[in-house]
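Notes for the one structure printed next.
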């Protein structure tokens, strides 16, 4: 055998049938798929492989060429990692092996009986708040979250879910791929969310009834599509980033589709909360899915909101870190600190105030950087406006707020005028305004705040 029992095997493939088959094949033969984000570059992928102790990777020659990741492959091979191409694997399969596989399929036999508490997949955090960590999810974690999702967003045998989010992202893997497959529905996997017009045409041709995407992509789909493209869609779930009111309104008014916002983390397989057709409140992330315990912890210096901490069957086995490769470090007492400051109303609807790490301490006060971004979007009405607020060093005050945007028109005076008019503290007015047209983003469309902050600090410090 080329690989060992319970070995972590890298999967570097786009959304495709081949990716799904490879995933289930590895799982069926007691290997653990490691979903690698090939878009992050050679250095980051190498770091991921080191963290998860990946010695073998499955990919495709055609994909490597099309995705232009030859440099990444070369770097991995330099590090001693063996690359196995699907084209070669297909040619090496003998007639005997095909007959044996057919027999196993017909008699519904499985090569291994899995332990529910064993690792099922290794994913990586997006790195939006720091270096990516390996997240180890068990079979029980995945199945629990699928059952939890089924309770609040039911699929039936006639449904077809359109998934254009990558399988190396927990939203794209569990909700976009495994959820429909394991509940008997159909799924159409599309390799990239960026082919906007092609996607809207496919929704029409396939008569898709359900879709998952992020706010960034929904806004473009709604703007470029014909209303009839969404004629069969009954459910659109948005996650990975907050849904803006204008996106929600555009989907409803132009397409007649209700956008249901959910919230989750890779560590929770991922779904934690969701709005559905029965319990829906605009401006919130919905209610906790069934089977989760929740507690709210105080955060020093923050008066409005508390940190959301959860415990349940979908919460991960633990992290793997690069400093201690291959070793799962479990959570203390099973409680997962989300790092999100939230408010919970009397009905149980949850609203995120900000990330614990996304506050700047200005004049002794904790200022939400997300609030700064929202104010900037109200001030600058440009449709293509993008911005990220970051905390950067200040020689005397310790910290100051820098706003990185793609618009040269917005200024500190605009901010102060807005704050005075709306009764908001002037502490929310950034001190530094930086312009950058090429915003680095992740595959989900979410801004890469880590690299933007690093760039902003370089600009400020010269």
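In the numbering used here, the protein residues as written are 28 to 489. All residues carry an ideal CB built from backbone N, CA and C; glycine is no exception. This one's a predicted model, so the numbers in the text were calculated from it and none came from an experiment.
{"query": "Closest to residue 183 by C-alpha separation, out of 208, 201, 421 and 191, would be which residue?", "result": "208"}
{"query": "Helix, strand or coil: how does DSSP classify residue 469 here?", "result": "coil"}
{"query": "Would you say the region 335 to 350 touches the region 55 to 70, given that touching needs at least three Cβ pairs under 8 Å?", "result": "no"}
{"query": "Can you tell me the Cβ-Cβ gap for residue 58 and residue 30, rounded? I've got them flagged as a contact below 8 Å.", "result": "6 Å"}
{"query": "Buried or exposed: which applies to residue 294, given that a residue is buried once 16 or more other Cβ atoms fall within 10 Å of its Cβ?", "result": "buried"}
{"query": "If you draw a straight line from the alpha carbon of residue 131 to that of residue 137, how long is it in whole angstroms?", "result": "7 Å"}
{"query": "Could you check which residue in 315, 200, 368 and 223 has the C-alpha nearest to that of residue 42?", "result": "200"}
{"query": "Would you call the region 461 to 481 in contact with the region 263 to 273, where contact means no fewer than 3 C-beta pairs closer than 8 Å?", "result": "yes"}
{"query": "Residues in the same chain with beta-carbon distance under 8 Å from residue 226, minus the five sequence neighbours each way, listed in chain order, please.", "result": "189, 191, 217, 220 and 248"}
{"query": "So what does DSSP say about residue 290, is it helix, strand or coil?", "result": "strand"}
{"query": "Tell me which same chain residues have a C-beta within less than 6 Å of the C-beta of residue 274, skipping the five on either side of it?", "result": "242, 245 and 246"}
{"query": "Within a Cβ cutoff of 6 Å, which residues of the same chain sit near residue 25, ignoring the five residues on either side of it in sequence?", "result": "Outside the shown range of the chain, which is 28 to 489, sits residue 25, and nothing can be said about it."}
{"query": "So the candidates are 175, 53 and 70; which of them puts its Cα closest to the Cα of residue 303?", "result": "175"}
{"query": "Suppose you measure from the CA of residue 45 to the CA of residue 463; what does that come to, to the nearest Å?", "result": "38 Å"}
{"query": "Smallest Cα separation from residue 214: which of 222, 224, 194 and 223?", "result": "194"}
{"query": "I'd like the list of long-range same chain contacts for residue 323, defined as Cβ closer than 6 Å, with 5 residues on each side in sequence excluded.", "result": "333"}
{"query": "Helix, strand or coil: which one does DSSP assign to residue 155?", "result": "Confidence is the limiting factor: at residue 155 the pLDDT is only 48, short of 50, which leaves the residue's position unreliable and the question unanswerable from this model."}
{"query": "For the pair the region 279 to 288 and the region 248 to 262, tell me if three or more CB-CB distances fall below 8 Å.", "result": "yes"}
{"query": "Which residues in the same chain as residue 50 place their Cβ atom closer than 6 Å to its Cβ, once the five residues preceding and following it in sequence are excluded?", "result": "60"}
{"query": "Using three-state DSSP, classify residue 385 as helix, strand or coil.", "result": "coil"}
{"query": "If I'm right that residue 165 touches residue 180 with Cβ under 8 Å, what's the distance once you round it to whole angstroms?", "result": "About 22 Å; that fails the 8 Å criterion."}
{"query": "What does the Cβ neighbour count give for residue 457, buried or exposed, with the cut at 16 atoms within 10 Å?", "result": "buried"}
{"query": "Pull up the distance between the alpha-carbon of residue 224 and that of residue 230, whole angstroms please.", "result": "10 Å"}
{"query": "Given this structure, state the Cα-to-Cα distance separating residue 413 from residue 433, to the nearest angstrom.", "result": "6 Å"}
{"query": "Classify residue 155: buried if its beta carbon has 16 or more other beta carbons within 10 angstroms, exposed otherwise.", "result": "Since pLDDT at residue 155 reaches only 48, below the 50 mark, its modelled position is unreliable, and the value read off the structure follows with that caveat. Buried is the call here."}
{"query": "Considering only their Cβ atoms, is the gap separating residue 315 from residue 290 smaller than 7 Å?", "result": "no"}
{"query": "Tell me where the alpha helix (DSSP H) around residue 75 begins and ends.", "result": "69 to 78"}
{"query": "Output the boundary residues of the beta strand (DSSP E) element that contains residue 264.", "result": "262 to 265"}
{"query": "If you follow the beta strand (DSSP E) that residue 340 is part of, which residue opens it and which one closes it?", "result": "Careful: residue 340 lies outside any beta strand (DSSP E) and carries neither H nor E."}
{"query": "For residue 287, count neighbouring Cβ atoms within 10 angstroms of its own Cβ and tell me buried if that reaches 16, exposed if not.", "result": "buried"}
{"query": "To which residues does DSSP link residue 345 through a beta bridge?", "result": "163"}
{"query": "What first and last residue would you give for the alpha helix (DSSP H) that runs through residue 445?", "result": "439 to 449"}
{"query": "Give, in chain order, every unbroken run of the beta strand (DSSP E) that is at least 3 residues long and sits entirely within the region 83 to 133.", "result": "83 to 86 and 109 to 112"}
{"query": "Suppose the cutoff is 8 Å on Cβ atoms and the five residues either side in sequence are ignored; what does the same chain contact list for residue 84 look like?", "result": "36, 37, 38, 39, 63, 76, 103, 108, 109, 110 and 111"}
{"query": "Determine the direct distance from the alpha carbon of residue 348 to that of residue 68, and round the result to whole angstroms.", "result": "19 Å"}
{"query": "So, is residue 385 buried or exposed, given that buried needs 16 or more other C-beta atoms within 10 angstroms?", "result": "buried"}
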